[in-house]
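Visitor: In our numbering, the protein residues as written are 37 to 153. Ideal Cβ positions, reconstructed from N, Cα and C, are used throughout, including at glycine. Nothing here was measured: the structure is a model prediction, and the numbers come from that model.
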């Protein structure tokens, strides 16, 4: 049996000149969707069994939601990892704040694989 595994690192939520702000995740969302759609077009003859990596968006991001409409693909984190378990944690300098986000994701073809957790 042949498995296709795609490791992705989709566009970070950065504007031109690497600037970031509260709206940049929304501004770059369409680019991430284009990237995941292009990947799936490239792999059309051999659909991926696993697509995993840094999606640079949270569970409700458009690229992940688009990918989960591909027949058979399931979200392993949603199934096996509690939502409060983030994949990225940042300390924000002197403010004493900690930012927490789940930006890495793993999808798998439930028709081809059994994910155990």
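(1) Indicate whether the contact test is met: 3 or more Cβ pairs, each with one atom in the segment 125-141 and one in the segment 86-95, closer than 8 Å.
(2) Name the DSSP beta bridge partners of residue 142, please?
(3) Taking all protein chains shown into account, do 16 or more other C-beta atoms lie within 10 angstroms of the C-beta of residue 84, making it buried, or fewer, making it exposed?
(4) Cutting at 8 Å between CB atoms, please list the residues of its own chain near residue 68, excluding the five before and the five after it.
(5) DSSP state of residue 148, grouped into three classes?
Guide: Taking the structure as given:
(1) Output reads yes: the segment 86-95 touches the segment 125-141.
(2) In the chain shown, the residue the question calls residue 142 occupies position 106. DSSP, once it has assigned bridges, lists 88 as partnering residue 142.
(3) Taking the chain shown and counting its residues from 1, one reaches residue 84 at position 48. With 16 or more other Cβ atoms within 10 Å, it is buried.
(4) Working through the chain shown from its first residue, we reach residue 68 at position 32. Taken in chain order, the residues that qualify are 46, 47, 91, 92, 93, 97, 98 and 99.
(5) Here the question's residue 148 lines up with position 112 in the chain shown. For residue 148, the secondary structure class from DSSP, reduced to helix, strand or coil, is coil.
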